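In what follows, a structure is listed as structure tokens, so that the remarks can point back to it.
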Amino acid sequence: MTKTVFVTIAGRTNAGKSSLLNALIGEKIASVSSKSQTTRTKITGIVNSGETQIVLIDTPGLHKPKNRLSTHMLNTVSESIADIDVVLFMLDCTRKIGEQERQLLNNCFDSKTKVILVLNKIDLLNDKSTLALQIAQLSGEFPFTAVVPISVKENDGIDLVVQEVTKLSVEAPHYFPDDMITDQPEKVIASEIVREKLLNLLEDEVPHGIAVGVETMKERDTSKGETILDISAVIYCERDSHKGIIIGKGGSMLKKASTLARQELENFFQIKVNLQCWVKVKEDWRNREGVIRNFGLSEK
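Taking my numbering, the leading residue of the sequence shown gets 449, the next gets one more, and so forth.
Have a look at this one:
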């Protein structure tokens, strides 16, 4: 007998959703950054726990939309909680719940969706007694199926999340092969690794105006008998001034980001990587529907 459960991870930006997805899977498939709005589309990860297959959908964080891309991101969240078995609703326990979060929770309960509250960043609490008060307050306001305090950073409580989700699985065939960890195409994973390095290296508004497209990705054998994965990526930004910042003095910033990305790509794909990156300008692309679709950032 096999069981399956479909789970959406939702919550405010920077609550730790992508970090939780990576921790549950045991591999890094979602970009992680201290910058807000790191995740732009839904990302599916697969966890097999005994007879149960858990299909996890990471979603963009809740935020105030500032452009058309932001609107698409928020639409992705709404669509991802529809017709789902369980929602893992993540809250940063060091922050108070906001109105946008309350609205999403009410939508979940209106549709009779089971919700597990995951309170992340408990390692940052100096006074742990405040956690009990927070759990009591939120449980009194919303009918959560379970409440799980965790610290993704300290890998504390991750197994409890798996246990609570597994309880809600139903008898059904596994929808993905048991050795599969994500349905993300390899090109998408590669582009997100490059983008993550830029997010972590760059400051201010520049990172949010970046998109990365992997144009070619192909293995080749060298005369020395080595196999190398050649990856060609284009980094798009919105202004010429941003292009200069991304490249850096004498190409220093681009080289640093490319080196960090190459190292992670080699670790992920377990093969030597030759990564070549270029930077191009697409003015105001986050407000251009055609470009958003071409980048795969629109559900339609």
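Where a beta carbon is used, it is the ideal one built from N, C-alpha and C, also for glycine.
Keep in mind that this is a model prediction, so the values were computed, not measured.
In the structure shown, residue 614 adopts helical secondary structure according to DSSP, grouped into three states.
Secondary structure at residue 574: coil, using DSSP grouped into helix, strand and coil.
When C-alpha distances from residue 724 are compared across 737, 702 and 574, the shortest belongs to 702.
Straight through space, the alpha carbons of residue 664 and residue 677 are spaced by roughly 10 Å. Pairing residue 722 with residue 681, the inter-Cα distance amounts to about 11 Å.
Partner residues in the beta bridge of residue 501, as assigned by DSSP, are 452 and 496. Ranking 457, 477 and 453 by CA distance to the CA of residue 496 puts 453 first.
The alpha carbon of residue 494 has as its nearest neighbour, out of 624, 462, 566 and 594, the alpha carbon of 624.
Considering only 719, 648, 544 and 705, the residue with the shortest C-alpha distance to residue 666 is 719.
Just so you know, the alpha carbons of residue 688 and residue 729 end up roughly 6 Å apart. In this structure residue 538 is not in contact with residue 469, their Cβ atoms being roughly 10 Å apart against a cut-off of 8 Å. Nearest to residue 457 by C-alpha distance, out of 498, 450, 503 and 449, is 503.
In this model, residue 646 and residue 619 are separated by some 43 Å (Cα to Cα). Sorting 686, 459 and 613 by C-alpha distance to the C-alpha of residue 555 places 459 at the top. In terms of CA proximity to residue 551, 589 leads the group 583, 693, 589 and 626. Taking 8 Å as the cut-off, the beta carbon of residue 567 is found no closer than this to the beta carbon of residue 591. For residue 632, there is no enclosing alpha helix (DSSP H), as DSSP marks it with neither H nor E. Between the alpha carbons of residue 561 and residue 540 lies a distance of about 21 Å.
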